[in-house]
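In what follows, a structure is listed as structure tokens, so that the remarks can point back to it.
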Amino acid sequence: MPGITDEKRRRLEEKVGEFRDRQVGEAVQHVLDFDKTPAALKAEVDRFVIGQEKGKKIIATAIAFHYRRLGAALKRALSEHGGDIEGALKNTRTPKANILMVGPTGCGKTYTSETASGLVGVPFVVEDLTKFSEVGYVGMNVTDILVDLLISGGGNPHVAQMGIVYLDEMDKIAGETSTVRDVSGKGVQKGLLKLVEGMDNTVEVGKERLILSTKHVLFIAAGAFESLEGVVRRRLSRLNVAGDWRDHLASEDLVSFGMERQLVGRFPVRVVYDRLTTQELQDILTQSADSPLQAYVQDLRSWDIELRYTEEALGEIARRAKREGTGARGLTGILHRVLLDDMFSLPGAYSGELMMDGAYVREKLK
Numbered sequence: 099m100p101g102i103t104d105e106k107r108r109r110l111e112e113k114v115g116e117f118r119d120r121q122v123g124e125a126v127q128h129v130l131d132f133d134k135t136p137a138a139l140k141a142e143v144d145r146f147v148i149g150q151e152k153g154k155k156i157i158a159t160a161i162a163f164h165y166r167r168l169g170a171a172l173k174r175a176l177s178e179h180g181g182d183i184e185g186a187l188k189n190t191r192t193p194k195a196n197i198l199m200v201g202p203t204g205c206g207k208t209y210t211s212e213t214a215s216g217l218v219g220v221p222f223v224v225e226d227l228t229k230f231s232e233v234g235y236v237g238m239n240v241t242d243i244l245v246d247l248l249i250s251g252g253g254n255p256h257v258a259q260m261g262i263v264y265l266d267e268m269d270k271i272a273g274e275t276s277t278v279r280d281v282s283g284k285g286v287q288k289g290l291l292k293l294v295e296g297m298d299n300t301v302e303v304g305k306e307r308l309i310l311s312t313k314h315v316l317f318i319a320a321g322a323f324e325s326l327e328g329v330v331r332r333r334l335s336r337l338n339v340a341g342d343w344r345d346h347l348a349s350e351d352l353v354s355f356g357m358e359r360q361l362v363g364r365f366p367v368r369v370v371y372d373r374l375t376t377q378e379l380q381d382i383l384t385q386s387a388d389s390p391l392q393a394y395v396q397d398l399r400s401w402d403i404e405l406r407y408t409e410e411a412l413g414e415i416a417r418r419a420k421r422e423g424t425g426a427r428g429l430t431g432i433l434h435r436v437l438l439d440d441m442f443s444l445p446g447a448y449s450g451e452l453m454m455d456g457a458y459v460r461e462k463l464k
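99 is the number of the first residue of the sequence shown in this note's numbering; add one for each residue after it.
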């Protein structure tokens, strides 16, 4: 920078440094200030996620305690390191209770996790483990997770290090028995173990090499684990123990299913989500703050079309989602099939009321 004195250069570098420190500080402030109780966090999640009361209680408690613990530890470390965020993160280690979620497709596993992370204000990424392979095989490897986390954190490694990683389809890399999947699945599990344990990892961004630690990252592993119920029931039968299998899920059951024992130990919090009932599916349409039905109501209203509906119509839609086994995830698709013809032909040609009753839904879903 010609024409700039050493003193001005020093002052400029100082100001730029202060600006970056302020940006980093503001980015992590919500974690430092996190004060939601588990009950308060669950109450906010309840606005969006219908049903799964026990599951939401477990998830809200685990997440609230994780960030309360992390925030308190960082505050202490910051005072010891003169406000240096990087130094505080590096020298802080807190107990971490990663979560394992078991439940069928469309029951709310991902949605609960994503909603809770949004309420905390931390980065959230979903990783489909079926796309991963161990290093040396074709496919993504677990280090790609770090890149996604960094992107979700706006490129800020300090923010990324406090995010939540949702490991979807965990059962698919644990429960398969083919030779190819055994090699790849076990390799991916071993790679995940290193990541979940909380290690420093290098991420290359252009010519820059960033050090990203996962010791503060909360991991949530999830999957349908379809044959897990049978595994638990057989063990309970041998022990002559009665009761709901969901209340007796043990580490040895997950190992028998195909998860590596060490990896199982890194997920001490376990929650089993039930398949949503028809009534819960209908309640999602009418009560969830993120109701797909209300999205269609607003869309049609923008064309001066007022969508009206009956309880019978919503019951028909909920029963179809239940029958198709798609759960909450399938409601949007079913609504689209029901409304498609009128969404195509009415805008610009009609303004007024569109009634969706039981007969209307049944006709459209023939």
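Ideal Cβ positions, reconstructed from N, Cα and C, are used throughout, including at glycine.
Spatial distance of residue i from residue j (CA atoms)
i      : j      : result
ALA320 : LEU433 : 27 Å
ASP266 : GLU142 : 24 Å
ILE403 : GLU451 : 6 Å
THR376 : ILE318 : 27 Å
GLN392 : GLU178 : 50 Å
ALA214 : GLY153 : 12 Å
ALA348 : LEU334 : 11 Å
TYR407 : GLY149 : 23 Å
ILE197 : ARG145 : 22 Å
GLU358 : LYS288 : 8 Å
GLN68  : MET238 : Nothing can be reported for residue 68: it is not among the residues displayed for the chain, which extend from 99 to 464.
ASP455 : ASP439 : 15 Å
GLY328 : GLU184 : 47 Å
ASN254 : LEU248 : 7 Å
GLY261 : VAL369 : 20 Å
ALA457 : LEU139 : 40 Å
LEU227 : LEU437 : 35 Å
ARG364 : VAL294 : 7 Å
Run of the beta strand (DSSP E) containing residue i, from where it starts to where it stops
i      : result
ILE403 : 403-407
GLY321 : 316-321
TYR394 : Here TYR394 belongs to no beta strand (DSSP E); instead the alpha helix (DSSP H) covers 390-399.
ARG145 : Premise fails: ARG145 is in no beta strand (DSSP E) and is neither H nor E.
VAL339 : First-last for VAL339: undefined, no H or E at that position.
Member of the options whose CA lies at the smallest distance from the CA of residue i
i      : options                           : result
ARG373 : GLY206, GLN127 and ARG145         : GLY206
PHE323 : ALA457, GLY201 and GLY153         : GLY201
LEU291 : GLU306, THR312, GLU302 and THR159 : THR312
THR135 : GLY216, LEU176 and ALA158         : ALA158
ALA272 : ALA457, VAL353, LEU247 and MET441 : VAL353
SER400 : GLY446, ARG421 and VAL436         : GLY446
Residue i - containing alpha helix (DSSP H), residue span
i      : result
GLU225 : Not the alpha helix (DSSP H): GLU225 falls in the beta strand (DSSP E), residues 222-226.
LEU379 : 376-385
MET268 : 268-272
LEU347 : Per DSSP, LEU347 belongs to no alpha helix (DSSP H) and is neither H nor E.
Burial state of residue i (16 or more Cβ within 10 Å)
i      : result
LEU463 : exposed
THR277 : Residue placement at THR277 is flagged as unreliable, the pLDDT there being 37, under the threshold of 50; the coordinate-derived value follows with that caveat. So THR277 ends up on the exposed side.
GLN259 : buried
TYR448 : exposed
GLY181 : exposed
THR190 : buried
ASP351 : buried
GLN380 : buried
THR300 : exposed
GLY252 : exposed
LEU429 : buried
Beta carbon proximity, residue i to chain D, threshold 7 Å
i      : result
ALA348 : Protein chain content of the structure displayed is limited to a single chain, and chain D is not contained in it.
Runs of alpha helix (DSSP H) lying entirely within the region 136-181, each at least 4 residues, in chain order: 136-144 and 151-178
Minimum length 4: unbroken alpha helix (DSSP H) runs contained in the region 428-457: 429-443
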